[in-house]
Amino acid sequence: MNTIPIEYYLLISAFMFSVGVTGVLIRRNAIVVFMCIELMLNSANLALVTFSSFLGDPAGQVFVFFVMTVAAAEAAVGLAIIIAIFRNKLTVNIDEINIFKW
Amino acid sequence: MIELIYLTILLPLLGFVINGFFGKKIGNEKVIGLIGSSTVGISFVISLLALIETINLPVEQRTNVVELFTWMSVGSLNISFSYLVDQLSLVMALIVTGVGFLIHVYSIGYMHGDKGFYRFFAYMNLFIFAMMNLVLGDNFVVLFLGWEGVGLCSYLLIGYYYDQKFEKGTVAQAAKKAFIVNRIGDFGFLLGMFLIFETFNSLNFLEVFSQAKHLTGAETTFGFIALFLFIGATGKSAQIPLFVWLPDAMAGPTPVSALIHAATMVTAGVYMVARASIIFASAPVILAVVAVIGLFTAVFAATIGLVQTDIKKVLAYSTVSQLGYMFLAAGVGAFSAAIFHVMTHAFFKALLFLGAGSVIHSMHHQQDIMHYGGLKKYMPVTFLTFIIAAFAISGFPGLSGFFSKDEILWFSYANGNFVYWLLGALTAVLTAFYMFRLVSLTFFGEERFSHEKYHPHESPKVMTVPLIILAVLSVIGGWIGIPEVFSGEHGNVFHNWLAPIFLDAELKLAYYGAHSHTEELILMAISVSAALLSMYGAFKIYTQRREIAEKFALKFKKAYKVLLNKYYVDELYEAAVIQPIQKSSEKFLWKIADNKLIDGVVNGTAVVITSFSSVIKKMQTGVAQFYALIMMAGIAAILFWIILSL
Amino acid sequence: MILEYILFAILGSVAVISSIAMVTRPSPVMSAIFLVLNFFALAGLYLLLNAQFIAVVQVIVYAGAIMVLFLFVLMLLNTDSEHAILKEKRNLKFIGIFIAVLVFVQIGYIVFYSAPSDSVTKEIAESINAGKIETIGTELYTTYVLPFLASGFLLLAATIGAIVLAMKKFE
């Protein structure tokens, strides 16, 4: 067995996911938060491709295809929302956009 | 007719519903009165037919149960609305419906013009319904239902003139007093019922009594049961210590006093003791207590009645005293004598009250006998019937009261002891005295009222006819209970009729000792002559030489005052019982237990929830990152759980 | 074989380091650049896994389209750098870091505990076959044709939504 064991790929995926979570929780700039979300999505993609490759099942990579589609759509719409908010509040600081406060 | 006995109960209920809900619309007094009286009258006829049917049955078959439907069936507790038709319950049913019917008819005249006419008849019918449940029920629960029901109707009827004043308080207060004092007794009754169920696992009369017959060695249990039941009886039948409500109950209309507080409701206690005779017979100590309390009450109330000036008050204390006689009889094991006195007392006491009502009615509701005098020429029928009743209650030979009272006195000597007889005879003397004091001051002597204010007249026929019927009954009613000394062996019809009911109790009590007929005649002669002397003395004093009475009162001023104030019993209760309870309730139960504890718990629960939520609501920050943090925490928790299950 | 290990080591560390760098840069543009670097590293990793199609699509779509979009928006909004990331709301942020680390440790533990290496062996031929564009295309147009069409609608909706949301009202 001279190939890289599957655990290492999954470990990289887990690490990227955690870093993405950290970024979502820590950063104040809304756009940077979005980018961290993309990072999390990519970590999921990596895990999917890993399994697909090791199991020889293309279904995993088809799923990655769809994930990318959805991520693209979500990024577009999310950024449009941020632009709309920026027009009204002139800020992309999450701490100042808290109209759901009780 | 025995199978249709439940009609005697349902018809008055129907009368209550019709008069109560539609009476105001009907409006016509004659119709309302007709409905009210006829339901009771038909019940009387049905009871009479049931009696005739029972007479024609052989003795062993005279106990019949008519079941209507099951009320509740839980575990071993099976209670149904079923009615027992036997010798004892038939006697009581006839008394209730018979005298009740006469009083209903009388009330049509007495309550004429009163704006609550329909309400009166509705309540009276409801009372008959409850009383019939009481006397006909075949288990303790139906009896208790009737017991409570008559207490309720007593309250409703005493408080009939609900917006008027009465002595130092209001009519409403008098009604409340009656109800509350009754309830104290009822508490005892309930405890007795619980004990009965625990001991015999049933509340049905026939089952309980057949078990009690064979149960030996459970002296204390029987003692407690009998004691609790008797406490209930003292409440309902106005014995010491719970008699204080009966004089106040005179705040109600006079027919109410006649029906409820003379003839029927107050005798419920005696009926109950007689019905449960086997239980009382198994607890000889408590039976002795019953006799002593009955005797003591008889003397006590008779002394108070000597000096009262309100005509109804005299009769009220007389009732308490006569009830004491009934319990004395039961206490010495002469249960059928007690029931016999119930019957005769119903006749003459109802007559006395109705006659008093006739007088009150014609004297524009003046009740003070000091304002009467010489009324016999204005109200001849009332006078005649009243004096017949007075003779009856005083034990004039040949009238009904003579036979029943004498039987009681004889058994209090034969089964009891000489002291019982002596005090009983003393009470008879006092009874004769105050009754004839009443008669003399009311109907004889000079008129102590002015004719501009009062126009005494005879009452209408609808009131006098019941008086006449009751007078006839007071005369001949005792003839079915003529004692053996006159009527020979097994000549006492009434006693023989009821004997099978009390057989088990009498066997357990096992009264031995033959007393001769001579003893009986001697004692009878003594008590009768004493009573006659007392009658004559009272008559002479109060018609001609009242100064004697007044001098006597001045000489024993202190004693007179004590008697006039009824031995200050009400004041004693007020100070010893009512005030402490009221104060402690106010200071402790209200301010501390209710305000602080209970409100504290309830409000505290709300405060806890509010403070808890005020902490939790801080989670709604509106900041998305915070929510994301919580989500991640949840994911960490789920992963932890997955790790645990690996 | 050795080459595989070396490549994996380099690409893996680039991916890891660039992700950390992305999260910690105060300037959003620097974060975007590092994210692009991360995507390239990921594409390399995909190639190592014989996922040819996905690797190419990753570069084209993610690095080429989405990140360009991000950079455009950043340029438009002209935001300031975020100074002193950990200055405000310290406690919450530390809790957040802690939870993220905790999640990583948990997932790592689960991965190593379940030891998929024992049950999953990589058949090279199958692996290559799975990554071929023919295979993926066949799957897309046969088994998963409905989601494929649905994603088309999704993209249409997203396009319209983005335009509507970001549009300036015509007076």
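Chains as they are written, first to last, in our numbering: chain Y, 24 to 125; chain F, 759 to 1404; chain X, 13 to 183.
Quick reminder that beta carbons are idealized off the backbone N, C-alpha and C, glycines included.
Residue i and residue j closer than 7 Å at C-beta
i	j	result
M1390 (chain F)	I111 (chain X)	yes
F1105 (chain F)	G1239 (chain F)	no
I1127 (chain F)	T1067 (chain F)	yes
A880 (chain F)	N777 (chain F)	yes
S1158 (chain F)	A1147 (chain F)	no
I837 (chain F)	V899 (chain F)	yes
L973 (chain F)	A1074 (chain F)	no
A851 (chain F)	S805 (chain F)	yes
R1190 (chain F)	A1289 (chain F)	Residue identity check: residue 1190 (chain F) is Ala in the sequence provided, not Arg. Cβ distance < 7 Å, so A1190 (chain F) and A1289 (chain F) count as in contact.
S1232 (chain F)	L1109 (chain F)	yes
G917 (chain F)	V929 (chain F)	yes
N50 (chain X)	S31 (chain X)	yes
A44 (chain X)	V26 (chain X)	no
L1256 (chain F)	Q969 (chain F)	no
Supposed contact pair residue j and residue i - C-beta distance, whole angstroms, cut 8 Å
i	j	result
A1386 (chain F)	L48 (chain Y)	6 Å
A1020 (chain F)	F1111 (chain F)	5 Å
S1120 (chain F)	P1214 (chain F)	5 Å
E1264 (chain F)	G1115 (chain F)	E1264 (chain F) to G1115 (chain F), Cβ: 40 Å. No contact.
E1415 (chain F)	S840 (chain F)	Outside the shown range of chain F (759 to 1404) lies residue 1415 (chain F), about which nothing can therefore be said.
S1217 (chain F)	T1276 (chain F)	That pair is no contact at about 47 Å.
Y876 (chain F)	I1018 (chain F)	That pair is no contact at about 19 Å.
L1064 (chain F)	L1188 (chain F)	7 Å
Residues bridged to residue i [DSSP beta-bridge criterion]
i	result
Y1029 (chain F)	DSSP, once it has assigned bridges, lists no residue as partnering Y1029 (chain F).
S831 (chain F)	F:N836
G895 (chain F)	F:Y841
K923 (chain F)	F:T928
E719 (chain F)	Because residue 719 (chain F) is not part of the residues shown, which for chain F are 759 to 1404, the question remains open.
D1068 (chain F)	F:D1126
N962 (chain F)	F:N897
Residue-chain proximity (residue i, chain Y), Cβ-Cβ < 7 Å
i	result
S30 (chain X)	no
M1389 (chain F)	no
A1386 (chain F)	yes
P38 (chain X)	no
I204 (chain X)	This structure cannot settle anything about residue 204 (chain X), because the visible part of chain X is limited to 13 through 183.
Beta carbon proximity, residue i to chain X, threshold 7 Å
i	result
A1351 (chain F)	no
V87 (chain Y)	yes
A1382 (chain F)	no
V90 (chain Y)	no
L1404 (chain F)	yes
L62 (chain Y)	yes
A70 (chain Y)	no
N111 (chain Y)	no
E119 (chain Y)	no
L1397 (chain F)	yes
V115 (chain Y)	yes
A53 (chain Y)	no
V56 (chain Y)	no
A96 (chain Y)	yes
is_contact[residue i, chain F] using C-beta, thresh 7 Å
i	result
L177 (chain X)	no
L126 (chain Y)	One cannot answer for residue 126 (chain Y) here, as it falls past the ends of chain Y, which runs 24 to 125.
F106 (chain X)	no
M24 (chain Y)	Only weak support exists for where M24 (chain Y) lies, its pLDDT of 43 falling under 50; the value from the coordinates is given anyway. Output row for M24 (chain Y): interface = no.
Y125 (chain X)	yes
Flag this pair as touching only if the segment 64–81 of chain Y and the segment 140–151 of chain X have three or more C-beta atom pairs under 8 Å; answer yes or no. yes
Are the segment 1020–1038 of chain F and the segment 986–993 of chain F touching, with three or more C-beta to C-beta distances below 8 Å? yes
Taking three-plus beta-carbon pairs below 8 Å as touching, is the segment 48–60 of chain Y in contact with the segment 108–120 of chain Y? yes
Count Cβ pairs between the segment 881–895 of chain F and the segment 793–809 of chain F that sit closer than 8 Å; are there 3 or more? yes
Three or more C-beta pairs closer than 8 Å, one from the segment 166–182 of chain X and one from the segment 93–110 of chain Y: is that the case here? yes
Say whether the segment 1194–1201 of chain F touches the segment 1129–1146 of chain F, bearing in mind that this needs 3 or more beta-carbon pairs closer than 8 Å, one atom from each stretch. yes
Evaluate contact between the segment 1093–1105 of chain F and the segment 1201–1215 of chain F, counting only Cβ atoms and requiring at least three cross-stretch pairs below 8 Å. no
Mind the definition here: the segment 25–34 of chain Y touches the segment 114–128 of chain X only if three or more C-beta pairs lie below 8 Å; say whether that holds. yes
If you pair each beta-carbon of the segment 816–824 of chain F with each one of the segment 781–791 of chain F, do three or more pairs fall below 8 Å? no
Does the segment 1305–1313 of chain F come into contact with the segment 1039–1053 of chain F, if we say contact requires no fewer than three beta-carbon pairs (one atom in each stretch) closer than 8 Å? no
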